[in-house]
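Residue numbers for the sequence shown, in the UniProt record's numbering: 1 to 303.
By construction, the Cβ of each residue, glycine as well, lies at the ideal position given by its N, Cα and C atoms.
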Amino acid sequence: MDAVRKTNITIIGVPLHYGANRKGVDLGPDAIRGANLQDRLEALGYTIDDLGDLQVNRQLQPAPEDEKLKYLSEIARVNRELCASVSAELGKGRFPLVLGGDHSIAIGTIKGVLQHIKRLGVIWFDAHTDVNTHETTDSGHIHGMSLAAALGFGHGDLTSIGGADVKLNPGNVVIIGARSIDPGERAFLKARGIRVFTMHDIDRDGMKRVMEEALDIVSNGTDGVHLSLDLDGMDPSAAPGVSTPVTGGLSYRESHFAMEMLFERNLLVSAEAVEVNPMLDRHNKTASAAVELIGSAFGERIL
Numbered sequence: 001m002d003a004v005r006k007t008n009i010t011i012i013g014v015p016l017h018y019g020a021n022r023k024g025v026d027l028g029p030d031a032i033r034g035a036n037l038q039d040r041l042e043a044l045g046y047t048i049d050d051l052g053d054l055q056v057n058r059q060l061q062p063a064p065e066d067e068k069l070k071y072l073s074e075i076a077r078v079n080r081e082l083c084a085s086v087s088a089e090l091g092k093g094r095f096p097l098v099l100g101g102d103h104s105i106a107i108g109t110i111k112g113v114l115q116h117i118k119r120l121g122v123i124w125f126d127a128h129t130d131v132n133t134h135e136t137t138d139s140g141h142i143h144g145m146s147l148a149a150a151l152g153f154g155h156g157d158l159t160s161i162g163g164a165d166v167k168l169n170p171g172n173v174v175i176i177g178a179r180s181i182d183p184g185e186r187a188f189l190k191a192r193g194i195r196v197f198t199m200h201d202i203d204r205d206g207m208k209r210v211m212e213e214a215l216d217i218v219s220n221g222t223d224g225v226h227l228s229l230d231l232d233g234m235d236p237s238a239a240p241g242v243s244t245p246v247t248g249g250l251s252y253r254e255s256h257f258a259m260e261m262l263f264e265r266n267l268l269v270s271a272e273a274v275e276v277n278p279m280l281d282r283h284n285k286t287a288s289a290a291v292e293l294i295g296s297a298f299g300e301r302i303l
């Protein structure tokens, strides 16, 4: 399958905030669209089909504080629908570009891609590693469990989306920009040998070396790569409008350079941008950053 340089992109919005349990991130898809996403991609030569947003029930009662998996039923339902939508677009030979919403939507996106690309690499740009399960979570927020679910670990309502046997190989996954990792996640990552490039690694080695190693890992024996771009991977000074900001993150230029290197390798078969929260943003700065990073991942250059 050709990677990102195919010309047809399908945009799918998922206005889901229940995974983060914080209002505002459900406005992310419209904010990203409003930052001229389609115009930017069309200027690069892509043909865009925007399917609009999946339907989310926004009238749910607040989840109990002690609930282990908050809003599980609705999150699982939306992700099943997303899985089917992503799979359908890939079946048409199109590139699915999913706009979140919180990071719990990665379950549906990745499971949909895995219907067609069994050997899938994943680059997970995030301040967090999102490998909690219902057994290790302190918050009950499913956006912190999405990568674990895509790897086949966690509650059955999440891991069964798209088929319980459809899951990522941990050896084909890299996490970049991590700086907030829970104790249970540390144990999970070490037990499964998942390569995590923390901010310490980026500070020490530079983004070029980190991306070179990361791209070698995700392309080794795979048939394509999925980009999961959480805007809180960037430093809050560059992306203030996210639900769970963590100081000391990726700079604006480090982030762009990573996207530019990703495009040069021509590996991408799908992508998502998540956790943009316009209610916490300043002058749509984070949504604009999301569009600019997507532009770089799809071939936009300074000169």
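Helix, strand or coil for I271 per DSSP? Here the sequence assigns Ala to residue 271, which means Ile is not the residue at that position. Three-state DSSP puts A271 in a strand.
Could you check whether L41 and I105 sit closer than 9 Å to each other, using their CB atoms as the reference points? no
Secondary structure of N277, DSSP reduced to three states: coil
Given 8 Å as the limit, is there contact between the segment 77-91 and the segment 110-118, that is, 3 or more CB pairs closer than that? yes
Would you say the segment 285-299 touches the segment 116-123, given that touching needs at least three Cβ pairs under 8 Å? no
What separation, rounded to the nearest whole angstrom, lies between the Cα atoms of A31 and T247? 23 Å
Use the C-beta contact count for I302: other C-beta atoms within 10 angstroms, 16 or more gives buried, fewer gives exposed. exposed
State the DSSP-derived secondary structure class of R195, mapped to helix, strand or coil. strand
Could you check where the alpha helix (DSSP H) with T7 kicks off and where it finishes? Per DSSP, T7 belongs to no alpha helix (DSSP H) and is neither H nor E.
Need the endpoints of the alpha helix (DSSP H) that H116 sits in, please. It is not in any alpha helix (DSSP H) - H116 carries neither H nor E in the DSSP assignment.
In the structure shown, what three-state DSSP assignment does F298 receive? coil
As assigned by DSSP and simplified to three states, the class of S73: helix
I need the boundaries of the beta strand (DSSP E) containing P96, first residue and last residue. 95-100
Within 10 Å of its beta-carbon, does A164 have 16 or more other beta-carbons around it, so buried, or fewer, so exposed? exposed
Straight-line Cα distance separating S243 from P278: 10 Å
Looking at the secondary structure, which residues open and close the alpha helix (DSSP H) in which V218 lies? 207-219
How long is the line joining the alpha carbons of N266 and I176, rounded to whole angstroms? 19 Å
Boundaries (first-last residue) of the alpha helix (DSSP H) holding G28: 28-34
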